[in-house]
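Undergrad: The structure is given below, and queries will be raised subsequently.
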Ligand SMILES: Nc1nc2c(c(=O)[nH]1)N[C@H]1C(S)=C(S)[C@@H](COP(=O)(O)O)O[C@H]1N2
Ligand SMILES: [Mo]
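Residue numbers (the numbering used here): 149 to 459.
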């Protein structure tokens, strides 16, 4: 290394305003005691560590993308189409109070408060490679647990073949919904076996803290073997269906975005190659891996399927 390593990484330095906002969020989420919130002993690092996720064997050991990049280089079209827009404009989103309706083909439909979801199962840190269809990637320490924990409790019927995820529809909170870039609300979907896979997580945080608004607060999906857009943000409804859900990107440009959207370097996007990617923070490009490097875990889900047809 030619440059000196600072004792504290820039990503660890928390501006006062961010710190105060984080404390308010944790208090709302019932994760801070009253004494802790007023006592002067709570350091930024302590607040961030408050979700206390346990490490997971399913995490990658690759270098994490800095917190700053993870929270300022985003796709969240509900706040504009620029990468900076979500961090600058998602302050209008109110992540509490928030509920998620779980319904459709299941014996136990139920509305969940997001604070119930925070306590539904043990929170894990899942450090995942994430690959955007646009050709960039990051390594993000998400906080969550397998979606299967929630699905099990809903007791899906035999007719439930797919799971549909719907983002909040509210142009007041999400001003980007006033522009017709996509059909709102944003909808995504998974086949039931994909949704039940242990790598597919219901995500409530990142870097040990609650999800920042721009990353899909208060609750989103994270599906690391698929292009980023399959991981729907700010979810208000999870619905079990018999028919394949009509997804936002498929509706917008069906020839470019199929239902499966598995990371696949052998299937070009109609307008560009998917062979390589730029890891945010690195110079140059690296090869994109089949299923984003998760082939060993997920390839069997697609055995016998023609992945050029089911792209
Ligand atoms: N509701 C909603 N979810 C969304 C998107 C969006 O525009 N709206 N963008 C998707 C895309 S293209 C990507 S790459 C990821 C980005 O997630 P991140 O900003 O937390 O890295 O979110 C996905 N989920
Ligand atoms: Mo993306």
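Don't be surprised by glycine CBs; every beta carbon is placed ideally from N, CA and C.
Judging by CA-CA distance, which residue of 306, 270 and 262 is the nearest neighbour of residue 291?
TA: 270
Undergrad: Excluding the 5 residues preceding and the 5 following residue 229 in the sequence, name in chain order all residues of the same chain whose CB lies nearer than 7 Å to its CB.
TA: 329
Undergrad: Roughly how far, in whole angstroms, is the beta-carbon of residue 281 from the beta-carbon of residue 376, given that I think they are within contact range, below 8 Å?
TA: 7 Å
Undergrad: Is residue 217 close to chain C? Criterion is C-beta to C-beta, closer than 9 Å.
TA: Here chain C cannot be found, since the structure has a single protein chain.
Undergrad: Could you give the uninterrupted runs of the alpha helix (DSSP H) lying entirely in the region 358-438, keeping only those of 4 residues or more?
TA: 396-400
Undergrad: For the alpha helix (DSSP H) that residue 218 lies in, which residues bound it at each end?
TA: 215-220
Undergrad: Spatial neighbours of residue 231 within its chain, please: C-beta separation below 6 Å, excluding the five flanking residues on both sides.
TA: 221
Undergrad: Helix, strand or coil for residue 450? Go by DSSP, reduced to three states.
TA: helix
Undergrad: Apart from the five residues just before and just after residue 283, which ones in its own chain have a Cβ nearer than 6 Å to its Cβ?
TA: 425
Undergrad: At what residues does the alpha helix (DSSP H) containing residue 233 begin and finish?
TA: 233-237
Undergrad: What I want to know is whether the C-beta of residue 222 ends up closer than 8 Å to one or more non-hydrogen atoms of ligand 1.
TA: yes
Undergrad: Hey, is residue 427 close to ligand 1, as in C-beta under 8 Å from one of its heavy atoms?
TA: no
Undergrad: Counting Cβ pairs closer than 8 Å, one from the region 298-308 and one from the region 363-375, do we hit at least three?
TA: Under the 8 Å Cβ criterion, the region 298-308 does not count as touching the region 363-375, having fewer than three qualifying pairs.
Undergrad: By a C-beta neighbour count over all protein chains shown, 10 Å radius and 16 as the cutoff for buried, is residue 435 buried or exposed?
TA: exposed
Undergrad: Do the region 409-428 and the region 438-454 make contact, defined as three or more Cβ pairs closer than 8 Å?
TA: Contact between the region 409-428 and the region 438-454 is present, because at least three Cβ pairs lie under 8 Å.
Undergrad: Can you check DSSP and say which residues form a bridge with residue 272?
TA: Under DSSP, residue 272 takes part in a beta bridge, and its partners are 202 and 292.
Undergrad: Does the region 247-263 come into contact with the region 206-215, if we say contact requires no fewer than three beta-carbon pairs (one atom in each stretch) closer than 8 Å?
TA: Judged by Cβ distances under 8 Å, the region 247-263 makes no contact with the region 206-215, as fewer than three pairs qualify.
Undergrad: Answer with buried or exposed for residue 373, where buried requires no fewer than 16 other C-beta atoms within 10 angstroms of its C-beta.
TA: Under this definition residue 373 is a buried residue.
Undergrad: What are the start and end residues of the alpha helix (DSSP H) that includes residue 342?
TA: 340-343
Undergrad: Report the three-state DSSP secondary structure of residue 305 (helix, strand or coil).
TA: coil
Undergrad: Using the three-state DSSP reduction, which class does residue 297 fall into: helix, strand or coil?
TA: Residue 297 falls in the helix class under three-state DSSP.
Undergrad: When you compare the CB positions of residue 337 and residue 392, do they come within less than 9 Å of one another, or not?
TA: Less than 9 Å divides the Cβ of residue 337 from the Cβ of residue 392.
Undergrad: Thinking residue 289 and residue 349 are a contact (beta carbons under 8 Å), I'd like their distance in whole angstroms, please.
TA: Not a contact, Cβ separation roughly 12 Å.
Undergrad: Does the Cβ of residue 409 lie closer than 8 Å to at least one heavy atom of ligand 1?
TA: Not a single heavy atom of ligand 1 lies less than 8 Å from the C-beta of residue 409.
Undergrad: Could you check how far apart the C-beta atoms of residue 312 and residue 254 are, in whole angstroms? I think they sit under 8 Å.
TA: Going by Cβ atoms, the distance from residue 312 to residue 254 rounds to 12 Å, so no, they are not a contact pair.
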